[in-house]
Each structure stands twice: as C-alpha cells, then as structure tokens.
Amino acid sequence: MIAVLGLILGVVLGIVLQPTIPPELQPYLPIAVVAALDAVFGGFRALLDGIFNDRVFVISFIGNVLVAALVVFLGDQLGVGAQLSTGVVVVLSIRIFANAAAIRRHLFHA
Amino acid sequence: MSPPPDMGLTPTRVRSDDAMSLLSRVVEDALDPGYTHAAGRSIRSHPRSSWTHSLALFAALLALGALIAAAVIQARQGAPAAAQTRSDLIQRVAAATSQTDALASTVDDMTAQEARLRSRALSGSAADQQLNDRLIALEGATGVRSVTGPGVEVVLTDGPPQPAAAGGPDLARVLDQDLQLTVNGLFASGAEAVSINGQRLTSLTAIRGAGDAVLVGYRPLSSPYVVTAIGNPDTMIHEFDNSAAAAQLRALVDNYGIGFDVSTQEELTLPGRPELSLRYARPGKAS
Chain V
1 MIAVLGLILG
11 VVLGIVLQPT
21 IPPELQPYLP
31 IAVVAALDAV
41 FGGFRALLDG
51 IFNDRVFVIS
61 FIGNVLVAAL
71 VVFLGDQLGV
81 GAQLSTGVVV
91 VLSIRIFANA
101 AAIRRHLFHA
Chain E
1001 MSPPPDMGLT
1011 PTRVRSDDAM
1021 SLLSRVVEDA
1031 LDPGYTHAAG
1041 RSIRSHPRSS
1051 WTHSLALFAA
1061 LLALGALIAA
1071 AVIQARQGAP
1081 AAAQTRSDLI
1091 QRVAAATSQT
1101 DALASTVDDM
1111 TAQEARLRSR
1121 ALSGSAADQQ
1131 LNDRLIALEG
1141 ATGVRSVTGP
1151 GVEVVLTDGP
1161 PQPAAAGGPD
1171 LARVLDQDLQ
1181 LTVNGLFASG
1191 AEAVSINGQR
1201 LTSLTAIRGA
1211 GDAVLVGYRP
1221 LSSPYVVTAI
1231 GNPDTMIHEF
1241 DNSAAAAQLR
1251 ALVDNYGIGF
1261 DVSTQEELTL
1271 PGRPELSLRY
1281 ARPGKAS
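In structure tokens form, the structure reads like this:
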C-alpha cells in the first residue's frame, strides 16, 4: 500500500517539479529507470513468493541503479557506451520478463 | 566459460556449462538471491520489517516514480528539439543557397559590364582592337567567356536502381568517375570547350562525388547528365566513338543499364565561368 502510494506520489512530484537533469547525467537516466524497474519487478515477485524484505528491496533498488549507471559510464569512458547500454538493457529486460512471468503465474495461475 | 565462484546463496542450483548457460542463468537468477537469503535468515533473527524499513521502501518508490516521470519528460523534450535543429539547418542551407545564387548573378552582371567597358576602351587603335580580339579568344579557350559552335552532345542517365553493394555506391548510377571519363574522352577527341548540365569546365573545375551527388565546380548535379562539347562534330564523334572512354561507357551500359547517347549538334552554346582566378600562377614573359 505504502509502496503504491510512494510510486504515485513520485510520478506526480516528477511531473509537477519537472526536475532538470544535468546534461552529463542524461544518458544514464533511461538505464537507471530500467534498472529500477528490474528491482521493482523482483520485489513484487518476492512479495508474491512471500519472501519480500524491504531492506533487500531498497538495497537492490539503489544498487541496481548505481551499478547500471556505473557500467554505462565506464563504457562511455572506454568508447563502447552504446554497446554496453544495449547489453545492460538486454540483460535487465530478460530479468524483467522472467520475473513478470513468475508474477503472472502467481496471479493468474497460468 | 568457467563457472563463476559460488556465492553460497543458492547452492542447490544446477550449473550447465553449455553456451546458453549465461542466458539461462539470467533467467533463473531473475529473482534477486538476496530475498531467499534474507528470508532464511529473518526466521531466525529480527522481525521482518519496522517503520524505518517502510520509510525506505516509500522513498525508493518515490524515487522510482520521479525517475520515470523525469525520463519520460526528457525523452519527450528531446525529440522535438532534434527535429527543430534539423529544420533550422535546412532553412539555413536554403538561405545560404539563395544568397549564393544572388551573388553569382551579380558576378555575371558585373562580368558582362566589365567586358562591355573593356571592349569600348579597346576600340580605338588597331593595336587595341587586336589586343581585344586576343583577350576574347583567350577567354573563350580558358572557359571564362561563353562560346558557341557545332559539337557533340553526350547524355548519360542513371540506370535502374540496384541493391547497393555493402557500403559502396549504387553502381547503376552515373558516378563522378564516369563523367570524368566522358569529359577526358571528349577533350582527347578534339573538344575545345566542354560543359556538364550548363556548368562550364575550366582548368580549375573539379568533377567529384560527394555522398549521392556529383559535384561539378562545387555544384551538385543530377541525372540526366548532358555533356556538351564544341569542336569539329564529324571527327570528334568518330574519335570519341573509337576511344577507350566510349568502350568503357558501353560496358557500363551492358552491365548496369546506364543510359549513354551520343549525337552531333549544329549549334551549341556553352556558358562561361566567371569566377576563374589564379592564386599562385603568374603569367610568364611573352617570348
């Protein structure tokens, strides 16, 4: 409940405040969002599995975002930023799909 | 691929060493191993959540919402900005092109005026008259002045489009080197003045390709390419027909379907190219 509330409030805050992201951080924003989504799907699946843990969720959330941004940043420094971004997005979206499949099994038993 | 070190979190998982192990690991490990680990531990130790944990969860999802909103707004603002930049650039190119055209017509006007004034100034004595005639002859030969006369017209047209070889140009198109070949062949056959689509060739005019366009004197031209050459039509068409250039062009016709048509013309008018200036060469002493 508190999670859904936080999500809605966050979207509203983002739309209302329209935070300006510094140009040097802009390339990492979409990657950070995908990484965060991965953490959220993981958390939701854990919730349905009955093993949800706030601490693990928050740490995996922050860790995911930071690591994804760091990997892309390193790739940018090495000149393979675009390729590494693709790699990160592919791996994270495979995870998201796997977790979404597990969630679907839980919710619809299908 | 060697198996990664065991992290002690999911010791029961079977590892396969085949090529797909990386992908299957990603799918199998989709759930963060921390959850199972913590679940096993929390039964033994502290209660699962407190209000600080709930607050952290709230903050994390707040951050997620803000992140998504910011990313979406960013992406929405980015796309029109790119289109805006593009149309700005197109406008600037169009403005610069029309300015160039206006300046070129000014140059043409002033050149004509200068020629008129010079003819008037050099109409006095017989020596002046001779000098004027010599100037006019030189201007015609170098390509500064427009010239008329009989000659040959070669028309080259693009063939039917072909799937381009990887990275290379579409070979069914008339390329810069085809035009260079034609022009060189015409000069070798006795042409005295040559122009392509109304662009007069001087000793300083380049024919080169830039992307999909053929530039003649930095003017982008497109098919059909009409190469007009003034000279003795009968000998010129005969010699050009037997030249290596014509043989190569016929091979292009056979292989790529390029249009190649040669005809004699009774009367051709080739424009001049006024912006002919030497930057380093100085005229030598007349012998």
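So the protein sequences, as listed, match chains V and E. Counting from 1, position 98 in the first sequence corresponds to residue 98 in this note's numbering; the numbering is continuous, with no gaps. Counting from 1, position 39 in the second sequence corresponds to residue 1039 in this note's numbering; the numbering is continuous, with no gaps. Here a beta-carbon is modelled for each residue, glycine too, at the ideal position from N, C-alpha and C. Every value quoted in this text rests on a predicted model; they were computed, and no experiment measured them.
{"query": "As assigned by DSSP and simplified to three states, the class of E:Tyr1218", "result": "coil"}
{"query": "E:Pro1080 - DSSP class collapsed to helix/strand/coil", "result": "helix"}
{"query": "Test: E:Ala1066 CB closer than 9 Å to a CB of chain V", "result": "yes"}
{"query": "Contact set between E:Ser1054 and chain V, taken where Cβ atoms lie within less than 7 Å", "result": "Ile2, Asp54"}
{"query": "Cβ distance (whole Å) where E:Asp1158 is taken to contact E:Ile1068 below 8 Å", "result": "That pair is no contact at about 50 Å."}
{"query": "Same chain, Cβ closer than 8 Å to V:Val72, five either side skipped, listed in chain order", "result": "Pro27, Tyr28, Ile31, Gly81, Leu84, Ser85, Val88"}
{"query": "Limits of the beta strand (DSSP E) - the one that E:Asp1212 falls within", "result": "Element bounds for E:Asp1212: n/a, residue is neither H nor E."}
{"query": "Pairwise C-alpha distance: E:Leu1117 and E:Thr1106", "result": "16 Å"}
{"query": "Reduced DSSP category for E:Ala1191 - H, G, I as helix; E, B as strand; rest coil", "result": "coil"}
{"query": "Own chain residues within Cβ distance below 6 Å of E:Glu1153, not counting five before or after", "result": "Thr1228, Ser1263, Gln1265"}
{"query": "Chain-ordered chain E contacts of V:Ser60 [CB-CB under 8 Å]", "result": "Asp1032, Gly1034"}
{"query": "Listed by chain order, chain E residues near V:Gln18 by CB distance under 9 Å", "result": "Ala1069, Ala1070, Ile1073"}
{"query": "Backbone secondary structure at E:Met1001 - three-state DSSP", "result": "Unreliable placement is indicated for E:Met1001, whose pLDDT of 43 sits below 50; no coordinate value is reported for it."}
{"query": "Any beta strand (DSSP E) of 3 or more consecutive residues that is wholly inside the stretch 1223-1283 of chain E", "result": "1225-1230, 1259-1270"}
{"query": "Backbone CA spacing between E:Ala1079 and E:Arg1086 [nearest angstrom]", "result": "11 Å"}
{"query": "Burial state of E:Tyr1225 (16 or more Cβ within 10 Å)", "result": "buried"}
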